[in-house]
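> If you're matching positions, the sequence shown starts at 44 in this note's numbering and goes up one per residue.
For every residue, glycine included, the Cβ atom is placed at its ideal position computed from N, Cα and C.
Got a structure here, written out as structure tokens. Questions coming.
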Amino acid sequence: MKKYTKIKDISNLQETIKEAILLKMNPFEFEDLGKHKTLVMLFFNASLRTRLSTEKAAKNLGMEVMILNVNDAWNLEFEDGTVMNANTSEHIKEAAQVISQYADVIAIRAFPSLTDKQKDESEFVMNSFVKYATVPIVNMESATAHPLQALADAITISEFTKKEKPKVVLSWAPHPKALPQAVANSFVEMMQNLDVDLTITHPEGYELSEAITKNTPINHNQEAALKDADFVYVKNWSNYKDYGKVLNQDENWMMTKAKLGNAKFMHCLPVRRNVVVEDAVLDGQQSVVIQQANNRTFAAQIVLKQILGKL
Ligand code: CP
């Protein structure tokens, strides 16, 4: 693998999931692969799981890790040909090349603005690093995608499924703040590449990009969508059509134990208790959110392993 900015960078998804599960059983098997190699992680936004699990993954492979909260560095300019006489101090052209002097792999977290759809969809931060850095780039959640989370989700479903083709439901949930579509986008894309029966349920008007949903069934009746589900993935996203707006906070869309039936409950975390999902679900036996978070390490580790193998 030369980079991991999108799910399509994985050449053999089934094999990669199997290898990640093997790594989980023996996490230090390749502890010398990353010796004298450095992962630089750049955070434009907050993180708990991604930051710790990716660092752990790199260290399991013997890598050194350096972390920069980008807001503590110089303000970056991403436009070409700008007269930089205002707030930006350093151009991405220099910054990406300079960071590449210290890094063998660069991992980046950069959320969307949720105000400028076109700019967000251009993935200008991630793509600028791909363009100007001279080392491989890993996406730790960008404007439109969270492929490391989606890989951890796929590993989790693989581990817990008892069926050849489980029914998986992505169910929108209310939230007081405007959240990106990235997790939902990548989860849908990942499930479309696995042998699962995927349904999306959300209030009318909360459609994700058609470029993402393609032919996946969408049902605006949550109860009907959840019938006989094996896995229910709950996630809020802000409105895509009326971009970045919170138009619906209907608490009837919160996940409850009664609605969940016999399904496993999934969420990428962090999660707002009793807004997105009731306590009884998170504290119950059907929740696999902690196992999902644990699998973030092995998703990152298999990606870094495949990248290190190509250096
Ligand atoms: N799920 C996830 O990406 O968590 P963090 O935002 O804490 O990294």
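#1: Hey, how far is the Cα of VAL320 from the Cα of GLN192?
#2: Mind the definition here: the region 252 to 263 touches the region 303 to 319 only if three or more C-beta pairs lie below 8 Å; say whether that holds.
#3: Which residues end up in the neighbourhood of the ligand CP when you take C-beta atoms closer than 5 Å to any of its heavy atoms?
#4: Which runs of the beta strand (DSSP E) fall wholly inside the region 264 to 333 and span at least 3 residues, in chain order?
#5: With a cut-off of 8 Å on the beta carbons, I'd call SER214 and MET84 a contact; round off their distance for me.
#6: Expressed to the nearest angstrom, what Euclidean distance is found between the alpha-carbon atoms of PRO179 and ASN228?
#7: Per the DSSP calculation, LEU111 is bridged to which residue(s)?
#8: Buried or exposed: which applies to SER281, given that a residue is buried once 16 or more other Cβ atoms fall within 10 Å of its Cβ?
#9: Can you tell me whether SER156 is buried or exposed? The criterion is at least 16 other CB atoms within 10 Å of its CB, across all chains shown.
#10: Please confirm if the region 141 to 151 is in contact with the region 119 to 128, defined as three or more CB-CB distances below 8 Å between the two stretches.
#11: Taking the beta carbon of GLY304 as the centre, do at least 16 other beta carbons fall within 10 Å, making it buried, or is it exposed?
#12: So, with DSSP's three-state summary, where would you put VAL212?
#13: Please identify the residue among ILE243, MET169, LYS288 whose C-alpha is closest to the C-alpha of ALA268.
#14: Do the CB positions of MET109 and ILE350 come within less than 8 Å of each other?
#15: From the DSSP output, read off the bridge partner residues of ARG152.
#16: Helix, strand or coil for THR158, going by three-state DSSP, please let me know.
#17: Would you kindly check if the distance between the Cβ of ASN103 and the Cβ of GLN344 is under 8 Å?
#18: Between GLU232 and ILE50, how many whole angstroms is the CB-CB distance? I'm expecting something under 8 Å.
#19: With 16 other CB atoms within 10 Å as the buried threshold, where does GLY327 fall?
#20: What separation, rounded to the nearest whole angstrom, lies between the Cα atoms of HIS245 and PHE86?
#21: Look up ASN69 in the DSSP assignment and say whether it is helix, strand or coil.
#22: Per the DSSP calculation, TYR47 is bridged to which residue(s)?
#23: For ILE333, count neighbouring C-beta atoms within 10 Å of its own C-beta (all shown protein chains included) and say buried if the count is 16 or more, exposed if not.
#24: Evaluate ALA89 with the Cβ neighbour count: other Cβ atoms within 10 Å of its Cβ, from every protein chain shown; 16 or more gives buried, anything less gives exposed.
#25: Rounded to whole angstroms, how far is the Cβ of TYR283 from the Cβ of LEU251, which I believe are closer than 8 Å?
Let's see:
#1: 19 Å
#2: no
#3: SER90, LEU91, ARG92, THR93, CYS311
#4: 274 to 278, 307 to 309
#5: Incorrect: roughly 31 Å between the Cβ atoms, too far for contact.
#6: 23 Å
#7: LEU85
#8: buried
#9: exposed
#10: no
#11: exposed
#12: strand
#13: ILE243
#14: no
#15: PHE86
#16: coil
#17: yes
#18: 5 Å
#19: exposed
#20: 30 Å
#21: coil
#22: VAL181
#23: exposed
#24: exposed
#25: 6 Å
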